[in-house]
Amino acid sequence: MMENGGNEVLTGTRSAEEWLSHARELVPLALNKAREVKGFPGRWKMIISKLEQIPSRLSDLSSHPCFSKNALCKEQLQSVSKTLKEVIELAEFCVGEKYEGKLRMQSNLDALSGKLDLNLRDCGLLIKTGVLGEATLPLAMAGSSTEPEAAAHGNIRELLARLQIGHLEAKHKALDSLVEGMKEDEKNVLSVMGRSNIAALVQLLTATSPRIREKTVTVICSLAESGSCENWLVSEGVLPPLIRLVESGSAVGKEKATISLQRLSMSEEAARAIVGHGGVRPLIEICQTGDSVSQAASASTLKNISAVPEVRQTLAEEGIVKVMINLLDCGILLGSKEYAAECLQNLTACNDNLRRSVISEGGIRSLLAYLAGPLPQESAVGALRNLVGSVSMEVLVSLGFLPCVVHVLKSGSLGAQQAAASAICRVCSSTEMKKLIGEAGCIPLLVKMLEAKSNSAREVAAQAISSLMTLSHNCREVKRDDKSVPYLVQLLDPSPQNTAKKYAVCCLGLLCSSKKCKKLMVSYGAIGYLKKLTEMDIPGTKKLLERLERGKLRSFFTRK
Numbered sequence: 001m002m003e004n005g006g007n008e009v010l011t012g013t014r015s016a017e018e019w020l021s022h023a024r025e026l027v028p029l030a031l032n033k034a035r036e037v038k039g040f041p042g043r044w045k046m047i048i049s050k051l052e053q054i055p056s057r058l059s060d061l062s063s064h065p066c067f068s069k070n071a072l073c074k075e076q077l078q079s080v081s082k083t084l085k086e087v088i089e090l091a092e093f094c095v096g097e098k099y100e101g102k103l104r105m106q107s108n109l110d111a112l113s114g115k116l117d118l119n120l121r122d123c124g125l126l127i128k129t130g131v132l133g134e135a136t137l138p139l140a141m142a143g144s145s146t147e148p149e150a151a152a153h154g155n156i157r158e159l160l161a162r163l164q165i166g167h168l169e170a171k172h173k174a175l176d177s178l179v180e181g182m183k184e185d186e187k188n189v190l191s192v193m194g195r196s197n198i199a200a201l202v203q204l205l206t207a208t209s210p211r212i213r214e215k216t217v218t219v220i221c222s223l224a225e226s227g228s229c230e231n232w233l234v235s236e237g238v239l240p241p242l243i244r245l246v247e248s249g250s251a252v253g254k255e256k257a258t259i260s261l262q263r264l265s266m267s268e269e270a271a272r273a274i275v276g277h278g279g280v281r282p283l284i285e286i287c288q289t290g291d292s293v294s295q296a297a298s299a300s301t302l303k304n305i306s307a308v309p310e311v312r313q314t315l316a317e318e319g320i321v322k323v324m325i326n327l328l329d330c331g332i333l334l335g336s337k338e339y340a341a342e343c344l345q346n347l348t349a350c351n352d353n354l355r356r357s358v359i360s361e362g363g364i365r366s367l368l369a370y371l372a373g374p375l376p377q378e379s380a381v382g383a384l385r386n387l388v389g390s391v392s393m394e395v396l397v398s399l400g401f402l403p404c405v406v407h408v409l410k411s412g413s414l415g416a417q418q419a420a421a422s423a424i425c426r427v428c429s430s431t432e433m434k435k436l437i438g439e440a441g442c443i444p445l446l447v448k449m450l451e452a453k454s455n456s457a458r459e460v461a462a463q464a465i466s467s468l469m470t471l472s473h474n475c476r477e478v479k480r481d482d483k484s485v486p487y488l489v490q491l492l493d494p495s496p497q498n499t500a501k502k503y504a505v506c507c508l509g510l511l512c513s514s515k516k517c518k519k520l521m522v523s524y525g526a527i528g529y530l531k532k533l534t535e536m537d538i539p540g541t542k543k544l545l546e547r548l549e550r551g552k553l554r555s556f557f558t559r560k
């Protein structure tokens, strides 16, 4: 075989057609040699069956119209030829019994069988990936303004095809190029990414090389964050290998895998699957020991999972409550604390056992401490709202609940203010608590909320005020606020979108004992609204309307 000498240089200059011819010549030679072998019958029978499949694969490859124009075809034919030569060589050794040890030859034959499998698979994949059809695209579009883009797409498709064919080292090189390509132009790469490419990447997540796993998860993280491939990633089985990387990957591998799970867990189906594949425990461990980015991504993933009601008990059994409270106290990034608060809000939404668990672990104290910051977050107020009904008034007051609520009503977002008003509604069961809330200065802040743009915010503010006003001191506080009557009259609007009208009627009914307030109600058009509301059977409407009309009539005769 002179190819090992001077002719080796010529192999690089052969065309795809020449390599095809060379491979076709080698197939019968390899088959004849293989059939001569008497030893290792089982292994050689397997090798022969694979050799017999090669001609049809070569025929499929060569019949493609773009066969001769793609470097991958040429490389594949070179690989097939090299394997066929190895068949001939090993067959000659076996026939002449010129091998060193039976076990070594068995190992060599097993390796050869694996190479034939790889060649057969890769020939099929070259057709299936569609990469051959891309080879002529830039030429066909010569002179077109999109030629550079078409050429780039062809190059990317070839790279993606290389992830599926050949040996691990070749895939490693393709992966390097793909990582660089995504850094330069991620949009271009995503535009040509197909399901088979996703499947190939998912398989590389379990490669034996840590470097390949790390680079693969970097690409998958970009794909997950792009928002264009989540369904393919999950259906191709990306979750189990990502979870294993979170458990035992390198620092970069853990970070990228956790960020990928963060994005994918936004789907309820994927969130359930993460739990099913044992993902909760490693994510909790990252919350306790990970760096700032991984910790935040892990907390966000667990927050997403906690939004699925049926898995909350599993989360609790894995110790999530204590971990989230600890994050609220000691999280590295503000984002981690916010995700922890949202997770606690989800966990306590409708489960009394979980509420008790959060309370017993000191959750209320931690939430109040977190809310003392300059921008109190809605999620933390929501978690607090879920818990306040499960503890005594004395405990809440001693922990500083009232100053916290005032702070949220003054400085929080509208969503946070709404959650605070809802919390007030839940604790207003006793006269003493109503008195303390009024004295804390909540009423003017709740009145101000009545002009909010959000209908639900107006509704809960009106509900809180109506509950507080059953105490005469609080009722006087509402009367003293010049804006209270105008805002409440506006909430008599009979439109279906206005869900605060029944609370507005209740509040105005309590203010009706004041002549000044009655005059204001009439002047702001309350009678017209109430006439419409009487037809809708809103409780208290008829009585309030009669009182206003009676007062208006009396005023008319007095003027006469």
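Quick note: the sequence shown, position 466, residue 466 per UniProt numbering, numbers continuous.
Idealized CB from N, CA, C, for every residue including glycine.
For residue i, the first and last residue of its enclosing alpha helix (DSSP H)
| i | result |
| --- | --- |
| residue 93 | 71-95 |
| residue 447 | 442-449 |
| residue 217 | 210-226 |
| residue 382 | 378-388 |
| residue 203 | 195-204 |
| residue 235 | 230-235 |
| residue 105 | 102-128 |
| residue 504 | 501-511 |
| residue 528 | 526-534 |
| residue 469 | Neither: residue 469 is in no alpha helix (DSSP H) and is coded neither H nor E. |
| residue 164 | Premise fails: residue 164 is in no alpha helix (DSSP H) and is neither H nor E. |
| residue 517 | 515-523 |
| residue 51 | 41-51 |
| residue 484 | 484-490 |
| residue 312 | 312-317 |
| residue 375 | Residue 375 -> no alpha helix (DSSP H), and no H or E assigned at all. |
| residue 295 | 292-306 |
| residue 481 | Careful: residue 481 lies outside any alpha helix (DSSP H) and carries neither H nor E. |
| residue 561 | The requested residue 561 does not occur in the structure, where the chain is confined to residues 1 to 560. |
| residue 60 | 54-62 |
Cβ-based burial, residue i [other Cβ within 10 Å; buried from 16]
| i | result |
| --- | --- |
| residue 185 | exposed |
| residue 230 | buried |
| residue 145 | The pLDDT assigned to residue 145 is 42, lower than 50, so where the model puts this residue is not dependable; a value taken from the coordinates is nonetheless given after this. By the neighbour-count rule (16 or more Cβ atoms within 10 Å), residue 145 is not buried but exposed. |
| residue 342 | buried |
| residue 350 | exposed |
| residue 309 | exposed |
| residue 142 | In this prediction, residue 142 has a pLDDT of 37, which is less than 50 and means its spatial position is unreliable; what the coordinates show is noted afterwards. It is exposed - the Cβ of residue 142 has fewer than 16 other Cβ atoms within 10 Å. |
| residue 241 | buried |
| residue 122 | buried |
| residue 331 | buried |
| residue 536 | exposed |
| residue 282 | buried |
| residue 380 | buried |
| residue 376 | buried |
| residue 461 | buried |
Within the region 393-463, ranges of the alpha helix (DSSP H) (whole runs, at least 4 residues):
393-399, 401-411, 414-427, 431-440, 442-449, all fully within the region 393-463.
How about the region 406-414 and the region 331-345: do they share at least three Cβ pairs that are nearer than 8 Å?
no
Unbroken stretches of the alpha helix (DSSP H), 4 residues or longer, contained in the region 326-367:
334-347, 352-360
Residue ranges of each alpha helix (DSSP H) run of no fewer than 4 residues wholly in the UniProt repeat "ARM" (237-279), ordered along the chain?
239-248, 251-264, 268-276
At a cut of 8 Å, does the region 109-116 reach the region 175-182 through at least three beta carbon pairs?
no
The region 431-438 touching the region 449-458, judged by at least three CB pairs closer than 8 Å:
When Cβ pairs closer than 8 Å are counted between the two stretches, the region 431-438 is seen not to touch the region 449-458, the count staying below three.
Three-pair Cβ contact test at 8 Å for the region 380-390 versus the region 420-428
yes
Check whether the region 192-204 and the region 160-176 are in contact - that is, three or more C-beta pairs closer than 8 Å.
yes
Inspect the CB distances between the region 93-100 and the region 26-44 and report whether three or more fall short of 8 Å.
Touching, per the Cβ criterion.
Three-pair Cβ contact test at 8 Å for the region 278-293 versus the region 315-328:
yes
Check whether the region 527-536 touches the region 492-501, counting contact only when three or more Cβ pairs, one atom from each stretch, lie closer than 8 Å.
yes
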